[in-house]
Amino acid sequence: MKNRNGGSPVLAIVVPCYNEEPVLSMTVAQLAAVLDNLKLKELISEESFLLFVDDGSKDNTWSLIAQHQASSRHIAGLKLARNAGHQKALWAGLMKAKAFADCVVSIDADLQDDPSIIRDMVIHFHAGCDVVYGVREKRSTDTYFKRQTAESFYKLMVKMGANIVYNHADYRLMSRRALDNLEKYEESNLFIRGLVPMVGLRHATVYYNRAERAAGESKYPLKKMLSFAFDGITSLSVTPIRMVTVTGFIVFLLSIFFGLYALISKLSGHSVSGWASLILSIWFIGGIQLMSIGLIGEYIGKVYIETKRRPRYHIDAEAGLARTEREEAS
Ligand code: UDP
Ligand code: MG
67 MKNRNGGSPV
77 LAIVVPCYNE
87 EPVLSMTVAQ
97 LAAVLDNLKL
107 KELISEESFL
117 LFVDDGSKDN
127 TWSLIAQHQA
137 SSRHIAGLKL
147 ARNAGHQKAL
157 WAGLMKAKAF
167 ADCVVSIDAD
177 LQDDPSIIRD
187 MVIHFHAGCD
197 VVYGVREKRS
207 TDTYFKRQTA
217 ESFYKLMVKM
227 GANIVYNHAD
237 YRLMSRRALD
247 NLEKYEESNL
257 FIRGLVPMVG
267 LRHATVYYNR
277 AERAAGESKY
287 PLKKMLSFAF
297 DGITSLSVTP
307 IRMVTVTGFI
317 VFLLSIFFGL
327 YALISKLSGH
337 SVSGWASLIL
347 SIWFIGGIQL
357 MSIGLIGEYI
367 GKVYIETKRR
377 PRYHIDAEAG
387 LARTEREEAS
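The numbering used here applies: residue 67 is where the sequence shown begins, and numbers increase by one.
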């Protein structure tokens, strides 16, 4: 289908990397093996390649990428000028890769996502799918805590009206057509897995078991995970702000009710001597007000950031892409 060179499709595998020195060589080897295998079966073109995006790592990730790139013409590298965050690094890689490829798979550097299912993703692409989601079947290797928080997050997102695929992170295949659609979303506050379902087109799902990180450590400690979840919700849904309004209305109704009650007890001679209830209600309303202001502030902050229209990232260096560029020009 709609391939650049008329033959098998060019596949690019994009891998965002932040301080991934301990695991990188293993990842390169495994993904290169997957590519070779698919080439052998003629499912993808010889021009297919791996694109590693160094998200401003502080360790030797970039020099490792450059080393691997020098030894294989199927490896390319993109170095961001500073740490832009997983989502932006991934975006940089996807948008760069789509200029050279017919379909692009995004995968984390730590081999938690089973690379062997890339084959099934490519087969779905051949069958005409523009988006193929990698969905975790079991989370048995995640800690109980991570499993529970992640489950609640997905449930909450769906409740809030955000259209996200359950148990799907950023392991997916997208056709160039789907990426062209994705590129039109211009917000700087990126939550890619919430945007992909919006591009529409034909999609499929491939299931896999999530493994443990092959080496190195998670770049998502609890604090970052919470802020990611909060970002996800506030960038895709206005339900929380609506809840503030509804809560405000309920509290208002309650206060009328309490006022009437106080009036009646006053008239009937039982004057209210409740200091505690007074304090309690002040704290209650105060808490709700503060929370609401905070929540509204979150949205205003987002509007503020979006109106500045700042660039999402800057590119510092590229390696190995020029070859494909030449091919594209010819
Ligand atoms: N990552 C990135 N920039 C960051 C943080 C993470 O590019 O600022 C990459 C990281 O190298 C990995 C992927 O994003 O390839 C997912 O990170 P990680 O595996 O640490 O997250 P977890 O699986 O623990 O949620
Ligand atoms: Mg991981």
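Cβ coordinates follow ideal geometry from the N, Cα and C atoms, glycine included.
The model shown is predicted, which means the values in this text are computed figures rather than measured ones.
Reference residue i, options the options, closest by Cα
{"i": "LYS107", "options": "ILE189, ASP180, LEU90", "result": "ILE189"}
{"i": "THR93", "options": "GLN178, ARG308, LEU104", "result": "GLN178"}
{"i": "ILE299", "options": "SER347, SER218, VAL81", "result": "SER218"}
{"i": "TYR274", "options": "SER241, MET240, GLN355, LYS204", "result": "LYS204"}
{"i": "MET264", "options": "LEU302, PHE294, GLY72", "result": "LEU302"}
{"i": "LEU288", "options": "THR209, MET357, VAL369", "result": "THR209"}
{"i": "LEU344", "options": "PHE257, GLY325, LEU116, VAL171", "result": "GLY325"}
{"i": "GLU249", "options": "ALA163, GLY340, ALA328, ILE131", "result": "ALA163"}
{"i": "LYS212", "options": "ILE230, ARG276, GLY227, ARG185", "result": "ARG276"}
{"i": "ASN149", "options": "ASP168, ASP102, ASP121", "result": "ASP121"}
{"i": "PHE166", "options": "ARG242, LYS145, SER138", "result": "ARG242"}
{"i": "ARG259", "options": "PHE315, MET357, VAL201, LEU292", "result": "VAL201"}
{"i": "GLU372", "options": "ILE307, PHE318, SER254", "result": "SER254"}
{"i": "SER347", "options": "VAL317, LEU144, ARG376", "result": "VAL317"}
{"i": "LYS157", "options": "ILE359, ARG238, THR305", "result": "The residue you asked about is not Lys; residue 157 is Trp in the sequence shown. Taking only the C-alpha atoms, the option nearest TRP157 is ARG238."}
{"i": "GLU113", "options": "VAL89, LEU361, CYS83, LEU77", "result": "LEU77"}
{"i": "ILE173", "options": "CYS83, THR305, ASN126", "result": "CYS83"}
{"i": "PRO181", "options": "GLY151, ASN229, ASP236, ALA147", "result": "ASP236"}
{"i": "THR313", "options": "GLY352, ILE366, PHE257", "result": "GLY352"}
{"i": "PRO88", "options": "ASP125, ILE322, PHE296, GLN96", "result": "ASP125"}
Counted within 10 angstroms of its Cβ, other Cβ atoms place residue i as buried (16 or more) or exposed
{"i": "SER74", "result": "buried"}
{"i": "TRP349", "result": "exposed"}
{"i": "ASP246", "result": "exposed"}
{"i": "GLU283", "result": "exposed"}
{"i": "GLY194", "result": "exposed"}
{"i": "GLN214", "result": "exposed"}
{"i": "SER396", "result": "Residue placement at SER396 is flagged as unreliable, the pLDDT there being 41, under the threshold of 50; the coordinate-derived value follows with that caveat. So SER396 ends up on the exposed side."}
{"i": "HIS269", "result": "buried"}
{"i": "ALA37", "result": "The requested residue 37 is not part of the displayed model; the chain covers only 67 to 396."}
{"i": "LYS290", "result": "exposed"}
{"i": "VAL81", "result": "buried"}
{"i": "ARG392", "result": "Low confidence applies here, because ARG392 scores a pLDDT of 40, under 50, leaving its location unreliable; read the following figure in that light. Exposed."}
{"i": "GLY72", "result": "exposed"}
{"i": "LYS225", "result": "exposed"}
{"i": "SER123", "result": "buried"}
{"i": "HIS140", "result": "buried"}
{"i": "SER111", "result": "buried"}
{"i": "ASN229", "result": "exposed"}
{"i": "PHE315", "result": "exposed"}
{"i": "ALA99", "result": "exposed"}
{"i": "PHE118", "result": "buried"}
{"i": "ALA385", "result": "buried"}
{"i": "ILE330", "result": "exposed"}
{"i": "ASP168", "result": "buried"}
{"i": "HIS134", "result": "buried"}
{"i": "ASP382", "result": "exposed"}
Residue i - partner residues in DSSP beta bridges
{"i": "ALA383", "result": "LYS145"}
{"i": "GLY273", "result": "It should be noted that the sequence gives Tyr, not Gly, for residue 273. In the DSSP output, where bridge partners are listed per residue, TYR273 has VAL201."}
{"i": "LEU239", "result": "VAL171, VAL198"}
{"i": "HIS234", "result": "VAL201"}
{"i": "ASP120", "result": "CYS83, LYS145"}
{"i": "ILE77", "result": "The question names Ile, but residue 77 in the sequence shown is Leu. DSSP output for LEU77 lists CYS169 as bridge partner(s)."}
{"i": "PHE115", "result": "ALA78"}
Residue i Cβ short of 6 angstroms to ligand 2 heavy atom set
{"i": "GLN178", "result": "yes"}
{"i": "ARG279", "result": "yes"}
(request) Pull every residue with its beta-carbon under 5 angstroms away from any heavy atom of ligand 1, and keep them in chain order. (result) PRO82, CYS83, TYR84, GLU86, ASP121, GLY151, HIS152, ALA155, ASP174, ALA175, ASP176, SER284, LYS285, TYR286
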